[in-house]
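S.K.: When we follow the working numbering, the leftmost residue of the sequence shown carries the number 52, and every step to the right adds one.
The beta carbon of each residue, even a glycine, is placed where N, CA and C say it ideally should be.
All figures in this text were calculated on a predicted structure; none of them were measured in a lab.
Below is a structure I'd like to ask you about.
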Amino acid sequence: MGPKVVVIGAGYAGVSAAVRLARGGADVTVVNPRAEFVERIRLHQLVAGNHSAVMPLEQVLPQRARLEVATATTIDAEARRIGLADSDTTIDYDYLVYAAGSFSTLDIIAGATTHAVTLGTLETARYARVRLENLVEHSTITVVGGGLTGIETAAELAGSTTHSVRLITDRELAPSVSERGRRHIRAHLRNAGVEVTEDTAVETVGSGELVMSDGSTAASNLTILASSVGVPDTARGNALQTDERGALTIHDTLVSAGDPRIVGAGDAAAFARSPLRMSCQAAIPSGVHAAETVLALAAGKDPRELQRKFVGQCISLGRKDALFQSSNSHDEPRPRAMLTGRAAALVKEQICSSTMWFGHRGPFSYSWS
């Protein structure tokens, strides 16, 4: 029998790890708070009302993997055992894959916890959808954050509602793409009627009003924050070695810096050196590599280091436009290599759809090993 492996989290990294582990003969238990797989890269579509962004985990997990619908709260590294919330249940392991994921935070802006919403989890995205459905006609929606999530959300809402949509960012719009790519994004948002304000911070979110860093105010009937990401406190709360955010600190092999039986993957893990961009693109291959690291360790072999192999960023701009910005393997944009329009929208949809097949097809091919 193969090693007994517990995977905490069933997002892109956790499911990818479970699939590879099962194919490698491991005895896999996946612990996740819900029985659904959440397509986080579609949560902006959920808010706009054109996608559910979920499917049953049983459809993406391998048949050999057991699913425990619960929240892991304790990790006893010495005993190699985890404990579950609201239960005396414990699960022993030979190896642990920590893929607990991430979420959007509200507490970085005064008043946001009370008056704003986020899209970082299924529950918060569904709540944002309810808030949007309850808006009176011709309301104003403000998206705070000029990264990929903020841009996709603003573009999706502009194409699916009759409300006014505004995007505010405290820096340059889409800083991770080329200037040429930025021009396309700005042009799309402008043509879609989105009012974009750059280099301006929102200091306070009130009931129906925003206060900016320059003292000006703006009406906002629904404010969506897409500007800050946090990670669960499970690793830090159990005295594992973490960074300042609480993400599990890992070596380039993805082995935990503090325990050779714990391996990290996805958003909730952080390299001691330069970090990976939080993304589905990084989470899937890091999950695969985490599994390969576990299988190597269990076989008494030295695990290989993760090789970063980014290929680009694909940003949806509603249903009929997108930007595919090619990059080098280190996630730096190639200014002249990009695709836009309906062709890019098709590529984006194919990318989103393909992430749902990692539990069904042959040996997983998207590897950074």
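For the region 298-314 against the region 241-256, do three or more pairs of beta-carbon atoms, one drawn from each stretch, fall closer than 8 Å, so that the two count as touching?
M.R.: No: the two stretches stay apart, fewer than three of their Cβ pairs being nearer than 8 Å.
S.K.: Which residues does DSSP list as the beta-bridge partners of Ser215?
M.R.: BP columns for Ser215 point to Thr191.
S.K.: Hey, Cys331 and Tyr63: beta-carbon distance below 8 Å or not?
M.R.: Cβ distance < 8 Å, so Cys331 and Tyr63 count as in contact.
S.K.: What three-state label does DSSP hand Lys399 in the structure shown?
M.R.: Here Lys399 sits in helix by DSSP.
S.K.: Would you identify the three-state DSSP class for His374, choosing helix, strand or coil?
M.R.: A small correction: the amino acid at residue 374 is Leu; His does not occupy that position in the sequence shown. Of the three classes helix, strand and coil, the one that applies to Leu374 here is strand, per DSSP.
S.K.: Name, in chain order, the residues that DSSP records as bridge partners for Ala161.
M.R.: DSSP, once it has assigned bridges, lists Thr255 as partnering Ala161.
S.K.: State the Cα-Cα distance for the pair Ala161 and Val79, rounded to the nearest angstrom.
M.R.: Those two C-alpha atoms are separated by around 43 Å.
S.K.: Give me the Cα-Cα distance between Ser377 and Val82, rounded to the nearest whole angstrom.
M.R.: Going from the Cα of Ser377 to the Cα of Val82 covers about 35 Å.
S.K.: In the DSSP assignment, the alpha helix (DSSP H) including Glu343 goes from what residue to what residue?
M.R.: Per DSSP, Glu343 belongs to the alpha helix (DSSP H) from 331-349.
S.K.: Taking just the CA atoms, how far does Thr169 sit from Thr255?
M.R.: Cα to Cα, the separation comes out at about 15 Å.
S.K.: In whole angstroms, give me the CA-to-CA distance for Ser264 and Glu203.
M.R.: Between Ser264 and Glu203, the C-alpha separation is close to 24 Å.
S.K.: Here's the rule I'm using: 16 or more other beta-carbon atoms within 10 Å means buried, otherwise exposed. How should Ser258 be labelled?
M.R.: By the neighbour-count rule (16 or more Cβ atoms within 10 Å), Ser258 is not buried but exposed.
S.K.: Looking only at its chain, what residues have a beta carbon closer than 6 Å to the beta carbon of Ala61, apart from the 5 residues adjacent to it on each side?
M.R.: So the qualifying residues of the chain are Val81, Asn83, Leu108.
S.K.: Using only the alpha-carbon positions, how far apart do Ala68 and Ala130 sit?
M.R.: For Ala68 and Ala130, the distance between alpha carbons rounds to 23 Å.
S.K.: Starting from Ser367, follow its DSSP beta bridges and name the residues at the other end.
M.R.: Answer by DSSP bridge pairing, in chain order: Ala373.
S.K.: Quick one: residues in its chain with C-beta nearer than 7 Å to the C-beta of Ala388, no 5 flanking neighbours on either side, listed in chain order?
M.R.: Closer than 7 Å at the Cβ level, and outside the excluded window around Ala388, lie Ser377.
S.K.: DSSP state of Tyr63, grouped into three classes?
M.R.: Helix, per DSSP.
S.K.: Would His239 and Thr213 be called neighbours here (beta carbons separated by less than 8 Å)?
M.R.: No. Outside cutoff.
S.K.: Which of the three DSSP states, helix, strand or coil, is assigned to Arg241?
M.R.: Of the three classes helix, strand and coil, the one that applies to Arg241 here is helix, per DSSP.
S.K.: For the alpha helix (DSSP H) containing Gly171, list its first residue and its last residue.
M.R.: It is not in any alpha helix (DSSP H) - Gly171 carries neither H nor E in the DSSP assignment.
S.K.: Roughly how many whole angstroms lie between the Cα atoms of His102 and Pro54?
M.R.: When rounded, the distance between both Cα atoms is 38 Å.
S.K.: As a quick exercise: from Thr175, Asp145, Ala151, Ala121, pick the residue whose alpha carbon is nearest that of Asp139.
M.R.: Closest option to Asp139, Cα to Cα, is Ala121.
S.K.: How would you label Arg234, buried or exposed, when you count the other beta carbons within 10 angstroms and need 16 or more for buried?
M.R.: The residue is exposed, with fewer than 16 neighbouring Cβ atoms inside 10 Å.
S.K.: Alpha carbon to alpha carbon, how far is Gly351 from Ala277? Give it in angstroms, no decimals.
M.R.: Computed Cα separation, rounded: 43 Å.
S.K.: Helix, strand or coil: how does DSSP classify Gly152 here?
M.R.: Coil, per DSSP.
S.K.: Helix, strand or coil for Thr8 per DSSP?
M.R.: Here the chain has residues from 52 to 420 only, and residue 8 is not among them.
S.K.: Determine whether the beta carbon atoms of Glu90 and Val66 lie at a separation below 8 Å.
M.R.: No, Cβ-Cβ distance for Glu90 and Val66 is not below 8 Å.
S.K.: Any idea what DSSP makes of Pro414, helix, strand or coil?
M.R.: Below a pLDDT of 50, predicted positions are generally treated as unreliable, and Pro414, at 40, falls in that range; the measurement from the model is reported next regardless. It is coil, neither helix nor strand.
S.K.: Taking the C-alpha atoms as reference points, what is the distance between Ser229 and Gly363?
M.R.: The alpha-carbon atoms of Ser229 and Gly363 are separated by roughly 11 Å.
S.K.: For Ser279, collect the residues of the same chain with a Cβ closer than 6 Å to its Cβ; drop the 5 residues on either side in sequence, then sort them by chain order.
M.R.: Correct list, in chain order: Thr156, Ile159.
S.K.: Among the candidates Thr251, Tyr146, Glu87, whose CA atom is the shortest distance from the CA of Val194?
M.R.: The residue with the shortest Cα to Cα distance from Val194 is Thr251.
S.K.: Check for me: the beta strand (DSSP E) holding Gly315 runs from which residue to which?
M.R.: It spans 313-315 - the beta strand (DSSP E) in which Gly315 sits, taken as one unbroken run.
S.K.: Closer than 7 Å by C-beta to Thr293: which residues in its own chain qualify, once you throw out the five before and the five after it? Chain order, please.
M.R.: Same-chain partners within the cutoff: Ala286, Arg287, Leu299, Thr300.
S.K.: Please list, in chain order, all residues of the same chain as Ala270 whose beta carbon is under 7 Å from its beta carbon, the five residues on each side excluded.
M.R.: Hits under 7 Å: Thr191, Gly259, Glu260.
S.K.: Compare the C-beta of Ala243 with all C-beta atoms of chain B and state if any pair is closer than 8 Å.
M.R.: Absent from the structure is chain B; it holds one protein chain and no more.
S.K.: Spatial neighbours of Arg182 within its chain, please: C-beta separation below 8 Å, excluding the five flanking residues on both sides.
M.R.: Here the set comprises Val168, Leu273.
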